[in-house]
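Accompanying notes for the structure given below.
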Amino acid sequence: MGFFQKLTGRAAFAALALMLTATAAWPQAHVPRPGEQRDQPPVDAPDTNPVRTPTDVPGFWDPRRRPERPDLSRLTVIRFLTETDYPPFNYAGPDGAPVGFNVDLARMICEEIKVVCTVQMRRYDTLIDSLNANQGDAVIASFAATPAMRKRVDFSDPYYRTPARFVARRNAGIVDVRPAALEGKKVGVVAGTAHEAYLKMLFTEAELRPFPDVAAAREALKKGEVDLLFGDGISLSFWLNGTDSAGCCAFVGGPYMESRFFGEGVGIAVRRGNDLVRQAINWALFRLWEQGRFTDLWLRYFPISPF
Numbered sequence: 071m072g073f074f075q076k077l078t079g080r081a082a083f084a085a086l087a088l089m090l091t092a093t094a095a096w097p098q099a100h101v102p103r104p105g106e107q108r109d110q111p112p113v114d115a116p117d118t119n120p121v122r123t124p125t126d127v128p129g130f131w132d133p134r135r136r137p138e139r140p141d142l143s144r145l146t147v148i149r150f151l152t153e154t155d156y157p158p159f160n161y162a163g164p165d166g167a168p169v170g171f172n173v174d175l176a177r178m179i180c181e182e183i184k185v186v187c188t189v190q191m192r193r194y195d196t197l198i199d200s201l202n203a204n205q206g207d208a209v210i211a212s213f214a215a216t217p218a219m220r221k222r223v224d225f226s227d228p229y230y231r232t233p234a235r236f237v238a239r240r241n242a243g244i245v246d247v248r249p250a251a252l253e254g255k256k257v258g259v260v261a262g263t264a265h266e267a268y269l270k271m272l273f274t275e276a277e278l279r280p281f282p283d284v285a286a287a288r289e290a291l292k293k294g295e296v297d298l299l300f301g302d303g304i305s306l307s308f309w310l311n312g313t314d315s316a317g318c319c320a321f322v323g324g325p326y327m328e329s330r331f332f333g334e335g336v337g338i339a340v341r342r343g344n345d346l347v348r349q350a351i352n353w354a355l356f357r358l359w360e361q362g363r364f365t366d367l368w369l370r371y372f373p374i375s376p377f
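Per my numbering, the very first residue in the sequence shown carries number 71; after that it's consecutive.
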């Protein structure tokens, strides 16, 4: 199975595994480590169509809200736990050692705090139990900070989110993707996802074409059977940057980040009440962003930014 196919499959599995309570209005979208789903979606259609570039980098830190540096004298080591096989976020390298975006970020955090850092890989479904059994100090494995997860662990500030994006064929000439501009346009989307629910709520003039899975939706876009594809920006960025897309397509408009549909972001999990580690991580994340090191890391792994 190819890299992007594998990522898609794991994302779909995670979406099913982390689906929240029956009061959620829609099944979760096809996203890595999906976020919370809530009822009461926003009712106002987006009224902007910002111009984005392939190198846009997310910034979730407010420079006016600089976190205070905690007392780190009692902190000598951070034992990170991560997953075994979720490229490019975390996976085993040729020598079996953990590598990936999350792993590199964990090590940068330890460098900034100036503490010893260890990174141990475990199965995804064992990570939170291992953390709460004090077999590690923090989990960096693309867990979304959902209300259900917050009952089990505390979270750092988010260091990335899973935006929704439109993709069009390069020769289609589609630039404006505001709701009014998509009247009569055929928009592919995976059936039963939050992305489909978002389109039904806000893009009422578009002609939705639901597909059973993301592979079918992407193939329809490549063949010109739909004008646009709407889905998870993270996995779409991998597809656009890989060989499967054959350079057919590009992002247009967006990103769309309404938390009621697409979650509230991915953070680093710590044991409930472990404020020292959580505050240290928050301080280090802000510093890495402020110094531009987070941006450098992001662009290394996301040459076509989902934002």
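Cβ coordinates follow ideal geometry from the N, Cα and C atoms, glycine included.
So, under 8 angstroms CB-CB, residue i and residue j are touching, yes? Tell me the CB distance rounded to an integer number of Å.
{"i": "residue 319", "j": "residue 370", "result": "With a Cβ gap of about 23 angstroms, residue 319 and residue 370 do not count as contacting."}
{"i": "residue 277", "j": "residue 256", "result": "5 angstroms"}
{"i": "residue 355", "j": "residue 226", "result": "7 angstroms"}
{"i": "residue 324", "j": "residue 234", "result": "7 angstroms"}
With distances taken Cα to Cα, identify the nearest neighbour of residue i among the options.
{"i": "residue 351", "options": "134, 148, 233", "result": "148"}
{"i": "residue 251", "options": "275, 305, 144", "result": "275"}
{"i": "residue 330", "options": "268, 292, 311", "result": "268"}
{"i": "residue 182", "options": "362, 154, 358", "result": "358"}
{"i": "residue 285", "options": "278, 270, 271, 305", "result": "305"}
{"i": "residue 249", "options": "243, 272, 258, 228", "result": "272"}
{"i": "residue 215", "options": "353, 339, 366, 361", "result": "339"}
{"i": "residue 290", "options": "260, 323, 153, 367", "result": "260"}
{"i": "residue 213", "options": "204, 203, 178, 228", "result": "228"}
{"i": "residue 417", "options": "142, 138, 137", "result": "With the chain running from 71 to 377 in the structure shown, residue 417 is simply not present."}
{"i": "residue 236", "options": "288, 162, 356, 132", "result": "288"}
{"i": "residue 136", "options": "353, 377, 282", "result": "353"}
{"i": "residue 172", "options": "270, 342, 302, 209", "result": "209"}
{"i": "residue 219", "options": "372, 341, 162", "result": "341"}
{"i": "residue 152", "options": "185, 164, 174", "result": "174"}
{"i": "residue 263", "options": "311, 301, 373", "result": "301"}
{"i": "residue 311", "options": "166, 374, 282", "result": "374"}
{"i": "residue 258", "options": "295, 243, 222", "result": "295"}
{"i": "residue 156", "options": "317, 281, 132, 193", "result": "193"}
{"i": "residue 191", "options": "185, 243, 162", "result": "162"}
{"i": "residue 242", "options": "189, 299, 166, 283", "result": "299"}
{"i": "residue 160", "options": "313, 189, 184, 317", "result": "189"}
Could you pull out every residue in the same chain whose Cβ sits closer than 8 angstroms to the Cβ of residue i, ignoring the five residues on either side in sequence?
{"i": "residue 344", "result": "207, 224"}
{"i": "residue 231", "result": "105, 128, 130, 327, 332, 333, 334, 335, 336"}
{"i": "residue 117", "result": "With a pLDDT of 39 at residue 117, under the threshold of 50, the predicted position of this residue should be treated as unreliable, though the coordinate-derived value follows. Excluding sequence neighbours, residue 117 sits near 248."}
{"i": "residue 76", "result": "Confidence is the limiting factor: at residue 76 the pLDDT is only 36, short of 50, which leaves the residue's position unreliable, though a coordinate-based value still follows. 157."}
{"i": "residue 270", "result": "278"}
{"i": "residue 132", "result": "none"}
{"i": "residue 184", "result": "142"}
What does the Cβ neighbour count give for residue i, buried or exposed, with the cut at 16 atoms within 10 Å?
{"i": "residue 307", "result": "buried"}
{"i": "residue 297", "result": "buried"}
{"i": "residue 364", "result": "buried"}
{"i": "residue 33", "result": "Any question about residue 33 goes unanswered here, given that the chain covers just 71 to 377."}
{"i": "residue 322", "result": "buried"}
{"i": "residue 245", "result": "exposed"}
{"i": "residue 168", "result": "buried"}
{"i": "residue 170", "result": "buried"}
{"i": "residue 203", "result": "exposed"}
{"i": "residue 376", "result": "buried"}
{"i": "residue 138", "result": "exposed"}
{"i": "residue 253", "result": "exposed"}
Please work out which residues of its chain come closer than 6 angstroms, Cβ to Cβ, to residue i, disregarding the five sequence neighbours upstream and downstream, and give them in chain order.
{"i": "residue 349", "result": "140"}
{"i": "residue 221", "result": "none"}
{"i": "residue 265", "result": "99, 234, 259, 300, 301"}
{"i": "residue 205", "result": "none"}
Given residue i, which residues of its chain have a CB within under 7 angstroms of its CB, disregarding the five upstream and five downstream residues?
{"i": "residue 187", "result": "148, 150, 176, 177, 180"}
{"i": "residue 360", "result": "none"}
{"i": "residue 158", "result": "170, 171, 371"}
{"i": "residue 282", "result": "261"}
{"i": "residue 201", "result": "151, 209, 223, 339, 341"}
Check whether the stretch 134 to 146 and the stretch 188 to 199 touch, using three or more Cβ-Cβ pairs below 8 angstroms as the test. no
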